[in-house]
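Peer 1: Quick one: structure below, then a few questions.
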């Protein structure tokens, strides 16, 4: 014990410096996380306030009127949509999990809930662990799809708890396919078919579709490599190595760091299908126009083994013509 106190007294200043550094690092990390969260919240607020003014002292918009655009869902369609959502919530509340699951679109199942057990574990247990009431507000209308913000609240009639903090929020979209209505949940809006291709320097790239979420966008891309060498779609050395852009040429960065290298490195005579996530909130006024791969490496094996300088090519794929 004496040795410990002696060591402590001899190194007290260094110990304090280390403790202060750790505390400061923790505080900085919390501030950065807070700023990122606030930035995302500000983007959502910007969308909600664009093209509309909301007087918080006045009555709120009717639930069938978009808070973003002021566009109104026709009464008949709104009734149909709300009946579907009511049925879905009833199934979830009463434990009819398979019936609720069957109301989801094929794309929603494929992307988020590939089977009913995943749906039960990931959605039902996180929201419907208590009986739920809910409220709806139209968020936006896009062709034949209708997105609502749904707020799940505790069923106070069942519990008597009027001060519950168990509220949950989600975005739920009604889509129509083959004269049948389906639901997209968990902030998934829907899929936009693209099927646009470009071939350059023996590399063929096709954007198959875009999966749109409230807070981000994912593009599904197929790449065929006939260069005679191994290529890499993005070495992750540049923040804007891969990006998408809209009609106003606003660029949206990718989250390509989330993709393992095996999805980006393509051997000769091989085909690779890749999903890439982008920092683009869903916004009807910001129409997705194209995607650019700015730094495709043509000699990836030689480059990574330091046997040669990087040879690269840029490929741009127009999703919509301006």
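Numbering (my numbering), first residue to last: 850 to 1171. Using N, Cα and C, we set each Cβ at its ideal position, and we do this for glycine too.
Please classify residue 950 as buried or exposed, where buried requires at least 16 neighbouring CB atoms within 10 angstroms.
Peer 2: buried
Peer 1: Which parts of the segment 1048-1116 are runs of the beta strand (DSSP E), unbroken and 3 residues or longer, counting only runs that do not cross its ends?
Peer 2: You should have 1052-1062, 1066-1074, 1091-1095 and 1100-1102.
Peer 1: Give every residue of the same chain whose Cβ lies closer than 6 Å to the Cβ of residue 903, excluding the five residues on either side of it in the sequence, and list them in chain order.
Peer 2: Here the model assigns residue 903 a pLDDT of 33, short of 50, so the residue's position is not dependable, and the following value carries that caveat. The answer is none, since no qualifying residue turns up.
Peer 1: Beta carbon of residue 1091, beta carbon of residue 1080: below 8 Å?
Peer 2: no
Peer 1: Using alpha carbons as the reference points, say which of 979, 1066, 1000 and 1053 lies closest to residue 1118.
Peer 2: The residue among 979, 1066, 1000 and 1053 with its C-alpha nearest the C-alpha of residue 1118 is 1053.
Peer 1: Nearest CA to the CA of residue 987: which residue from 912, 1165 and 926?
Peer 2: 912
Peer 1: According to DSSP, which residues form a beta bridge with residue 1137?
Peer 2: 1095
Peer 1: In the DSSP assignment, what residue or residues form a beta bridge with residue 1041?
Peer 2: 1059
Peer 1: Take residue 1002 as the anchor and find which of 992, 1015, 995 and 996 has the nearest alpha-carbon.
Peer 2: 1015
Peer 1: By Cβ distance below 7 Å, which residues in the same chain neighbour residue 1088 in space, the five residues on each side in sequence not counted?
Peer 2: 1102
Peer 1: Looking only at its chain, what residues have a beta carbon closer than 8 Å to the beta carbon of residue 1164, apart from the 5 residues adjacent to it on each side?
Peer 2: Excluding sequence neighbours, residue 1164 sits near 1047, 1049, 1052, 1054, 1141, 1142 and 1145.
Peer 1: Do you know whose CA, among 1138, 1162, 1160 and 1148, lies nearest residue 1168's CA?
Peer 2: 1138
Peer 1: Quick test of the definition: if touching needs 3 or more C-beta pairs under 8 Å, does the segment 969-984 touch the segment 1038-1045?
Peer 2: no
Peer 1: If you run the structure through DSSP and keep just helix, strand and coil, what is residue 916?
Peer 2: coil
Peer 1: Suppose contacts are defined by Cβ-Cβ distances below 8 Å. Is residue 1018 in contact with residue 1000 by that definition?
Peer 2: yes
Peer 1: Apply the 10 Å Cβ neighbour rule to residue 1154 and answer buried if 16 or more other Cβ atoms are within range, or exposed otherwise.
Peer 2: exposed
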